[in-house]
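Q: Read in this note's numbering, the sequence shown has 73 at position 73, and its numbers run on one by one without any break.
All C-beta atoms, glycine included, are put in the ideal place defined by N, C-alpha and C.
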Amino acid sequence: MTSNLDFDGRSAARLRCRRSFRVRMWFGSGCYLLASLALSLSGGPWRLVSAALSLLIMVWLVVNTALRARQLDEYQVKLLFPGLAVGFILAMMAALTLGTLSQAGISVPNAGWPVCIIGVLAWQITNLAVGAPRR
Numbered sequence: 001m002t003s004n005l006d007f008d009g010r011s012a013a014r015l016r017c018r019r020s021f022r023v024r025m026w027f028g029s030g031c032y033l034l035a036s037l038a039l040s041l042s043g044g045p046w047r048l049v050s051a052a053l054s055l056l057i058m059v060w061l062v063v064n065t066a067l068r069a070r071q072l073d074e075y076q077v078k079l080l081f082p083g084l085a086v087g088f089i090l091a092m093m094a095a096l097t098l099g100t101l102s103q104a105g106i107s108v109p110n111a112g113w114p115v116c117i118i119g120v121l122a123w124q125i126t127n128l129a130v131g132a133p134r135r
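Written out as structure tokens, the structure reads:
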């Protein structure tokens, strides 16, 4: 009977904030992709400029994510934290594994990408397992 009165937590301000975060993240990701493409295609001193631009974009994405995390309520943080924790641990384990292989003389080209991919996949799989919201 009171289901029409129940608040589902989707206020206009909260939806606007979530949409703004997504737009900034997609824009930043697109800029990072373009900067990475410029880095792979450029030569000479422009490689340094492209690399610095990529790093600045990554810092902007981290700051954007940290600001969004501060806006989450307790329940959202409780759902988000396990995925971040597992993703971080697996990314660190992948980094240690690749570092150990490198010390043993086994060359792994572009070793940073597997660390990133393993961390993100672990984060998303854990979010699915704990029932974190997908929207």
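Please confirm whether Leu61 and Gly28 have their CB atoms less than 7 Å apart.
A: The answer is yes: Cβ separation under 7 Å.
Q: If the criterion is Cβ atoms closer than 7 Å, does the pair Leu34 and Ser50 meet it?
A: It is not a contact, given that the beta carbons lie outside the stated cut-off.
Q: Could you spell out where the alpha helix (DSSP H) holding Pro82 opens and where it closes?
A: Segment Glu74 to Gln103, the alpha helix (DSSP H) holding Pro82.
Q: Among Leu56, Cys116 and Gly87, which has the Cα closest to the Cα of Ile125?
A: Measuring from the Cα of Ile125, the nearest candidate turns out to be Gly87.
Q: Please report the Cβ distance between Ile118 and Leu84, rounded to the nearest whole angstrom; I am assuming they are in contact, meaning their Cβ atoms lie under 8 Å.
A: In fact, because the Cβ distance is near 14 Å, the residues do not count as touching under 8 Å.
Q: Cα separation between Leu121 and Gly99?
A: Rounded to whole angstroms, Leu121 to Gly99 spans 20 Å at the Cα level.
Q: Less than 7 Å between the C-beta atoms of Pro114 and Ala94, yes or no?
A: It is a contact, given that the beta carbons lie within the stated cut-off.
Q: Taking its Cβ as the centre, do 16 or more other Cβ atoms sit within 10 Å of Gln46, making it buried, or is it exposed?
A: First, the amino acid is wrong: residue 46 is Trp here, not Gln. The residue is exposed, with fewer than 16 neighbouring Cβ atoms inside 10 Å.
Q: Applying the 10 Å Cβ sphere with the 16-neighbour rule, what's the burial state of Ile106?
A: Exposed: under 16 other Cβ atoms inside 10 Å.
Q: Which value, in whole angstroms, describes the spacing of the CA atoms of Leu79 and Asp73?
A: In a straight line, the C-alpha of Leu79 is about 10 Å away from that of Asp73.
Q: Under DSSP, the alpha helix (DSSP H) around Ile106 begins and ends at which residues?
A: That residue, Ile106, is in no alpha helix (DSSP H); it is neither H nor E in DSSP.
Q: Out of Leu37, Asn110, Phe81 and Ser102, which one is the CA nearest neighbour of Gly131?
A: Here the closest residue by C-alpha is Phe81.
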